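Numbering (UniProt numbering), first residue to last: 1 to 569.
Before any comments, here is the structure.
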């Protein structure tokens, strides 16, 4: 019956044109007879097709009860077979191993990644095949296909519409609830190094001409070289040399109330710092309620910045400014505010000994993406335990050193001394022989880190280079990374700088903001004021009618004619 109705409907669509044509030609009765004949022929054709079927089938197909019984029986059969397959798979050793083991299978972004461009299409296809089926191991959810696996960057704009300078690019983030579910349930395995302790010395003595400080403990060149020999258990210099615990009589000291809070356990923290009242505090945006509840935001400030904030009525006795929990630092170890800022930046694992993950952002940056989403995108999805963005333009340490000298970032002799020292140790200009490493120069204003022994060692040794040489940490990053990578199977996720600019917004330093002229107020254009008719009764204009209108128009024509006569004479 359904087939007959569909056939009739299909036929009727073709017959409408014939009917319209018949109406236009005046042969309505003839066209209607054609319609009946064609319909009769179509029904006869359908009946001829349905004749081979047995009559019993027609008797039962119209019975709704019998059809429902067939559907129920089929559904029970499918359910029984599905249960059998699930029970069989659940006891498979592969599934048990996939759920119980630690780590995350990384994903490959389908976009125009710089590393893919350098490696070539062959290696790119190889990586795509390797990570085609993403699955979280050790996460609190079962493996699933990642929603961002097919994400690609949009095509670049035409040359005539391109904007100069670095810009953010699109990034595919998971929703917050899925990002939280993707967090590994236990820590990643640290290659080779399992137990890391730190050197304590109440009376550090400088024995060599190179730099250093009491806070760093003046490690000798031999101690420096030994620290790159990765072993299962190691003890290295890592700041806070004096005192029983970091922040208590070590330099870079905290209040007792802050010390107790910094010892608490947290899965994730976000940290930043402002020293020498150098920056304006930036409030994070787009932070989920889960992150506000579970992730603390710590802002480290020195006494000078604290006094400025109090005088500006920014800081009250609650020690909170928006989401930020203010932690005041006493007895700062360096006279240079930028060097003091390297202590919390690189040694967060010493300040927070019971934290799993940390996000560091410089004081001039504003976080505009939820921390769970950031960590899922750049750590958990990539099976990485340390992530940092590469510089948007430079990828060679020697080029970076010349740019620092040209911009007056540090005195030229100190930069030359540091670069010459690294040359003697074997540092060479960046080339394709370093692939898959795509850059030697980071944009170090954001650090994403899982606190495990190997990453803690990396930031300790990186800090020791900053303490020994210049405070320009971009110059010492590559030498520390390469020395560790030659000893253990470990790497760093260096993502695109445009991706970093997607989740943080960069502001100007406070001194530059104060030098800028105030913004010009916007000119508000208002409509002209209506005439003041208060106290006056508007006169009612009476239109002319009949002969008055014609006489008025004739008077106007006569006056115009007389004016033309005067002008003529």
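All residues carry an ideal CB built from backbone N, CA and C; glycine is no exception.
Treat the numbers as computed from the prediction; the structure is a model and nothing was measured.
- Contact between the region 328-342 and the region 268-278 is present: three or more C-beta pairs spanning the two stretches fall below 8 Å.
- Of the candidates 217, 443, 257 and 234, the residue whose Cα lies closest to the Cα of residue 465 is 217.
- Taken in chain order, the unbroken stretches of alpha helix (DSSP H) that lie wholly in the region 418-481 and span 4 residues or more are 453-468.
- The C-beta separation of residue 475 from residue 397 comes to about 6 Å, placing the pair in contact by the 8 Å criterion.
- Between residue 427 and residue 388, the C-beta gap is not smaller than 7 Å, which leaves the two residues out of contact.
- In the DSSP assignment, residue 262 falls outside any beta strand (DSSP E) and within the unbroken alpha helix (DSSP H) covering 256-262.
- Contact holds between the region 241-254 and the region 193-202, because three or more Cβ pairs, one in each stretch, are under 8 Å apart.
- Membership of residue 267 in the beta strand (DSSP E) is indicated by the continuous run 266-274.
- Rounded to the nearest angstrom, the gap between the Cα atoms of residue 311 and residue 297 is 23 Å.
- In this structure residue 413 is exposed. Its beta-carbon is surrounded by fewer than 16 other beta-carbon atoms within 10 angstroms.
- Contact between residue 473 and residue 490 is absent: CB atoms are separated by about 19 Å, not below the 8 Å threshold.
- Spatial neighbours of residue 319 in its own chain (CB-CB distance under 7 Å, excluding positions within 5 residues in sequence) are listed in chain order as 325 and 326.
- Within the model, the alpha-carbon separation for residue 212 versus residue 418 is close to 13 Å.
- Counting of Cβ neighbours within 10 angstroms places residue 457 among the buried residues, the total reaching 16 or more.
- Following the DSSP letters along the chain, one finds residue 183 in no beta strand (DSSP E), marked with neither H nor E.
- Scanning the region 172-258 from its first residue to its last, the whole beta strand (DSSP E) runs of 3-plus residues come out as 195-198 and 233-236.
- A check of alpha carbon separations from residue 145 across 264, 444, 287 and 182 identifies 182 as the nearest.
- Under the three-state reduction of DSSP, residue 359 is assigned to strand.
- With distances taken between CA atoms, residue 374 lies nearest to 499 out of 207, 499 and 278.
- Using a Cβ distance threshold of 7 Å, residue 415 and residue 401 count as a contacting pair.
- Here residue 308 is not near residue 251, since their CB atoms are 7 Å or more apart.
- Contact between the region 442-460 and the region 352-362 is present, with at least three C-beta pairs closer than 8 Å.
- When DSSP states are grouped into helix, strand and coil, residue 278 belongs to the coil group.
- Shown here for residue 459: same chain residues with a beta carbon closer than 6 Å to its own, the five before and five after excluded, namely 346 in chain order.
- Judged by beta-carbon spacing, residue 188 lies beyond the 7 Å limit of residue 354, meaning their Cβ atoms are not closer than that value.
- In the three-state reduction of the DSSP assignment, residue 380 falls in the helix class, which pools H, G and I.
- In terms of Cα proximity to residue 299, the closest of 277, 503 and 405 is 277.
- In the DSSP assignment, residue 411 falls outside any alpha helix (DSSP H), carrying neither H nor E.
- When only Cα atoms are considered, residue 171 and residue 429 end up about 31 Å apart.
- Spanning the alpha carbons of residue 259 and residue 316 requires a straight line of approximately 19 Å.
- In the displayed model, residue 489 falls within coil according to three-state DSSP, outside both helix and strand.
- Between residue 454 and the set 425, 227 and 378, the nearest pair of CA atoms involves 227.
- Classified as buried, residue 470 has 16 or more neighbouring CB atoms from the shown chains inside 10 Å of its CB.
- When rounded, the separation of the alpha-carbon atoms in residue 394 and residue 441 is 7 Å.
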